[in-house]
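Novice: Quick one: structure below, then a few questions.
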Amino acid sequence: MSEERGIEKLRTYEEINQKIKSGDAIVLTADEFIKTVEELGLEKAAKEVDVVTTGTFGAMCSSGAFINFGHSDPPIKMFKCWLNDVPAYKGLAAVDCYIGATAMSESKGFDYGGGHVIEDLVSGKEIELRAEAYGTDCYPRRSIETTININDLNQAILLNPRNAYQRYTAATNSTDKILHTYMGTLLPHYGNITYCGAGQLSPLYKDKDFETIGIGTRIFLGGGIGYIIGEGTQHNPQNQFGTIMVKGNLKTMNSRYLRGATYYKYGTTLYVGIGIPIPIINEKVAKSAALKDDEIFTHVLDYGVPSRDRPVVKKVSYAELKSGKVQINQGEVPSSPLSSNKLAKEIALTLKKWIEEGSFFLTRPVEFIPNYSELKPLEVKRREPKVRDIMTKEIIVGKPNDNIKDVAKLLIAKGVDHLPIVDDEGKLMGIITSWDLAKAIAHDKRQLHEIMTLKVITAKEDEAIDSVIRRMEQNNISGVPVVDQSNHIIGILTTDDISRKLVRRVIS
Amino acid sequence: MKMKLIYSRENLGKPILSEVINKTNLPINILEAKITLNTGEMLIDVPAEGEKLKEVSYLFQKAGLIVKEITRTIEIDREKCISCGACVSPCPVKAITQDSNWDVIFHEEKCVGCGICVNACPVRAIQML
Chain A
474 MSEERGIEKL RTYEEINQKI KSGDAIVLTA DEFIKTVEEL GLEKAAKEVD VVTTGTFGAM
534 CSSGAFINFG HSDPPIKMFK CWLNDVPAYK GLAAVDCYIG ATAMSESKGF DYGGGHVIED
594 LVSGKEIELR AEAYGTDCYP RRSIETTINI NDLNQAILLN PRNAYQRYTA ATNSTDKILH
654 TYMGTLLPHY GNITYCGAGQ LSPLYKDKDF ETIGIGTRIF LGGGIGYIIG EGTQHNPQNQ
714 FGTIMVKGNL KTMNSRYLRG ATYYKYGTTL YVGIGIPIPI INEKVAKSAA LKDDEIFTHV
774 LDYGVPSRDR PVVKKVSYAE LKSGKVQINQ GEVPSSPLSS NKLAKEIALT LKKWIEEGSF
834 FLTRPVEFIP NYSELKPLEV KRREPKVRDI MTKEIIVGKP NDNIKDVAKL LIAKGVDHLP
894 IVDDEGKLMG IITSWDLAKA IAHDKRQLHE IMTLKVITAK EDEAIDSVIR RMEQNNISGV
954 PVVDQSNHII GILTTDDISR KLVRRVIS
Chain B
443 MKMKLIYSRE NLGKPILSEV INKTNLPINI LEAKITLNTG EMLIDVPAEG EKLKEVSYLF
503 QKAGLIVKEI TRTIEIDREK CISCGACVSP CPVKAITQDS NWDVIFHEEK CVGCGICVNA
563 CPVRAIQML
């Protein structure tokens, strides 16, 4: 399926590298190439320009580093290990580990994670190493506590399974609560939009059909040299959500382009700087490299819906996103990036400089990476309890004109804390809690409609329990009425139901 | 000038702000207010300076409030900042913007000190003062 890809019609890799060697290569950043194409036209620009450089600097959670510590005396087969209190993966040989960007410190939690360990290593800082073992005939040591720095290590290799998405969906929030997501802080009622990706500088969008970017492509990675070693996980190029897997020597990198980060109430990650040179080998590649922000589109999704399939709010171009305001529902919504456009430009310029100086040569891919790859969801094959399975179906309800004292007696008699208020047809109108009743009695109110909460948080019977628990946490409530499509009450789900019925299930 | 007014139990329930507005004839704007049963805090914007501002401050203090003049709210550590923009659109009063080079610009005069940007910053480059 890849026969037609990578035809070196305008120039070969050898010709480009020869020109780099003699200092004659014409290298432009993607921003500059766009201007050149506007001036000269695509055909002429493609003939003149040898290489287009790209850049991106964004949070890339699927990142981490393989580390080899060397052997202590007596030696240890590390079974568990921590770097600055961040757990590293130890399902490898005795003194190899993998520190992942999203692993979090066992003492500092969200404030410090694997991404920060990698940044600190690259900065040359001393890192606390702690490891435990069970002891074997060949590896008698059972524990170790020491410090390491990057120069002490045999190998420190950045190896990121998924980086540099071609483009990414943008985020907004339709709910009435502020949300803290991996797309940053989202204000209520479509208060803002956040987006990722460098648009017209985005490395993988500038060769969107993967004609030149493949296994073995030499790249700018974290301020040093890296290589593409294959497609990234969740690679989905036919929808312009292609990704790459990359590796490089951490010892050659620079912490300006590898930064540990924390998304508030979400977790830790690593900002990774990546720049890829696009050799203009044919006009199709040139055309892709010349794509502008107003020709690159993505969707704004509603992160207020905590589901895999979030609703699309709007199709939008990177030009509109970068303008700082997006039109939604006749209103102007402020938009801002999460990835750094400033650093993306800097990376494209740095890579250009390296090539012009003759210190960076291009490589022909050893093999192409797929230009089609299905993105499969994870189906839950075991039956999971839904709201209907653990909700209380025998509900006690009140009517708006009920007397407060009678209702208080009823709640005590039945031992419940939540009283949904319904109309004559059984449709939900409001809710009262035992706390509301206490306040009502203190303030001498007589009837339920005077004190009931009208804006009721509800659940549907086919919802996943975890989604409802999250909603209850967000709203700081301990129970939700369960309603059908026409708002008739069919049950109630309380934290009491969850702790008694669900926990018992898990234990049994 | 922004001011923080701190109410204690004794002065809750009195229309202090209305009285000061009536007396000074200034369009004082409430930026943020947290009032509970026995304490209260209010952030207000007083469009005045010099003697007029002193008068406003005096009137609030006379009514029994603690008055703090807010001159600085947040600080961005430029060494840590990666110019990403994660703090820009979450700012509810557009006090943080980005220029054409994507550098982050802080407009002190617009800031209401809500602190949303502090948590929004992925590299912890923003601090409340």
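Chains as they are written, first to last, in our numbering: chain A, 474 to 981; chain B, 443 to 571.
Glycine residues also receive a C-beta, built at the ideal position from the N, C-alpha and C atoms.
1. Unbroken alpha helix (DSSP H) runs of length 4 or more, entirely within the stretch 687-722 of chain A: which are they?
2. Fully enclosed by the stretch 646-672 of chain A, which beta strand (DSSP E) runs are 3 residues long or longer?
3. Determine whether the Cβ of A:P810 lies closer than 8 Å to any Cβ atom of chain B.
4. Taking one C-beta from the stretch 513-528 of chain A and one from the stretch 549-560 of chain A each time, how about it: are there three or more such pairs within less than 8 Å?
5. Answer with yes or no whether the minimum CB distance from B:N543 to chain A is below 8 Å.
6. Would you mind working out which of A:I971, A:A629, A:T706 sits nearest A:Y571, comparing C-alpha positions?
7. If you run the structure through DSSP and keep just helix, strand and coil, what is A:A913?
8. In angstroms with no decimal places, state the Cα-to-Cα distance between A:F714 and A:P779.
9. By alpha-carbon positions, which one of A:A567, A:Y730, A:Y739 ends up nearest to B:A562?
10. From A:K482 to A:E521, what distance separates their C-alpha atoms?
11. Which ranges would you report for the alpha helix (DSSP H) in the stretch 897-960 of chain A if only whole runs of at least 4 residues count?
12. Does the beta carbon of B:I524 sit closer than 8 Å to a beta carbon anywhere in chain A?
13. What are the boundary residues of the alpha helix (DSSP H) that A:T509 is part of?
14. Listing by chain order, which chain B residues have their CB less than 7 Å from the CB of A:I769?
15. Note down, in chain order, all residues in the stretch 791-821 of chain A with a beta-carbon under 7 Å from any beta-carbon belonging to chain D.
16. Does B:A490 come within less than 8 Å of chain A when only Cβ atoms are used?
17. Within 10 Å of its beta-carbon, does A:A886 have 16 or more other beta-carbons around it, so buried, or fewer, so exposed?
18. With distances taken Cα to Cα, identify the nearest neighbour of A:L723 among A:I904, A:N627, A:D558.
19. What are the boundary residues of the alpha helix (DSSP H) that A:L816 is part of?
20. What does DSSP give as the partner residues of A:K553 in its beta bridges?
21. Closest to A:L824 by C-alpha separation, out of A:I749, A:A576, A:S809, would be which residue?
22. Would A:R732 pass as an interface residue toward chain B - the criterion being a Cβ-Cβ separation below 8 Å?
23. Contact between the stretch 699-714 of chain A and the stretch 478-496 of chain A: three or more CB pairs below 8 Å?
24. For a contact meaning CB atoms closer than 9 Å, what does A:L927 contact in chain B?
25. Assign A:V839 to one of two classes, buried (16 or more other C-beta atoms within 10 Å of its C-beta) or exposed (fewer than that).
26. For chain A, check one thing: does any of its Cβ atoms lie closer than 8 Å to the Cβ of B:R451?
27. Determine, using beta carbons only, whether A:F683 and A:I842 come nearer to each other than 8 Å.
28. For the beta strand (DSSP E) containing A:R732, list its first residue and its last residue.
29. Runs of 4 residues minimum, wholly inside the stretch 504-531 of chain B: which ones carry the alpha helix (DSSP H) assignment?
30. Which residues mark the beginning and the end of the alpha helix (DSSP H) in which A:I885 is found?
31. Taking all protein chains shown into account, decide if A:M474 is buried (16 or more other Cβ within 10 angstroms of its Cβ) or exposed.
32. Between the C-alpha atoms of A:G982 and A:D879, what's the straight-line distance to the nearest angstrom?
33. For A:N665, which residues of its own chain have a beta-carbon under 6 Å away from its beta-carbon, when the five flanking residues on both sides are left out?
34. A:A734 and A:T742 look like a contact to me (Cβ under 8 Å); what is the Cβ gap, rounded to whole Å?
35. Excluding the five sequence neighbours on either side, which residues of its own chain have a C-beta within less than 6 Å of the C-beta of A:S728, listed in chain order?
36. Taking buried to mean at least 16 other C-beta atoms within 10 Å of its own C-beta, is B:R451 buried or exposed?
Specialist: According to the data block:
1. Within the stretch 687-722 of chain A, no complete alpha helix (DSSP H) run reaches 4 residues.
2. Fully enclosed beta strand (DSSP E) runs of 3 or longer: 652-654, 657-659, 666-668.
3. It does; some Cβ of chain B falls within 8 Å.
4. No, the stretch 513-528 of chain A does not touch the stretch 549-560 of chain A.
5. True, the Cβ-Cβ gap to chain A drops below 8 Å.
6. Among A:I971, A:A629, A:T706, the Cα nearest to that of A:Y571 belongs to A:A629.
7. When secondary structure is reduced to three states using DSSP, A:A913 falls in the helix class.
8. Going from the Cα of A:F714 to the Cα of A:P779 covers about 21 Å.
9. Cα-wise, what sits closest to B:A562 is A:Y739.
10. Their backbone Cα atoms lie some 13 Å apart in a straight line.
11. Counting only runs of 4 or more, we get 907-915, 938-948.
12. Yes, B:I524 counts as interfacial toward chain A.
13. 503-513 is the span of the alpha helix (DSSP H), which, as asked, contains A:T509.
14. The premise fails here: A:I769 is roughly 17 Å from chain B at the closest Cβ pair, so nothing lies under 7 Å.
15. Given the protein chain composition of this structure (A and B), no chain D is represented.
16. Not closer than 8 Å to any Cβ of chain A, the Cβ of B:A490 fails to qualify, so no.
17. Result: exposed.
18. Among A:I904, A:N627, A:D558, the Cα nearest to that of A:L723 belongs to A:N627.
19. From DSSP, the alpha helix (DSSP H) with A:L816 extends over 814-830.
20. A:K553 pairs with A:E605.
21. For the residues A:I749, A:A576, A:S809, the minimum Cα distance to A:L824 belongs to A:I749.
22. Closer than 8 Å: yes.
23. The stretch 699-714 of chain A vs the stretch 478-496 of chain A: no contact.
24. Ordered by position in chain B, no residue passes the 9 Å Cβ test against A:L927, which lies about 22 Å from the chain.
25. The residue is exposed, with fewer than 16 neighbouring Cβ atoms inside 10 Å.
26. With 8 Å as the cut-off, B:R451 does not count as an interface residue toward chain A.
27. If you check the CB distance, A:F683 and A:I842 come in under 8 Å.
28. Segment 731-736, the beta strand (DSSP E) holding A:R732.
29. The qualifying runs do not exist here; there are none.
30. For A:I885, the enclosing alpha helix (DSSP H) starts and ends at 877-887.
31. Any reading at A:M474 needs caution, since the residue's pLDDT is 45, under 50, leaving its predicted position unreliable; the model's value is listed next. With fewer than 16 other beta carbons inside 10 angstroms of its own, A:M474 counts as exposed.
32. The first residue shown for chain A is 474 and the last is 981, placing residue 982 of chain A beyond what the model contains.
33. Within the same chain, Cβ atoms closer than 6 Å to the Cβ of A:N665 are found at P807, the five residues on either side in sequence being excluded.
34. Contact holds; Cβ gap of about 5 Å.
35. Taking A:S728 as the centre and dropping the five residues before and after it, the same chain places the C-beta of E592, V595, S596 closer than 6 Å to its C-beta, in chain order.
36. Exposed: under 16 other Cβ atoms inside 10 Å.
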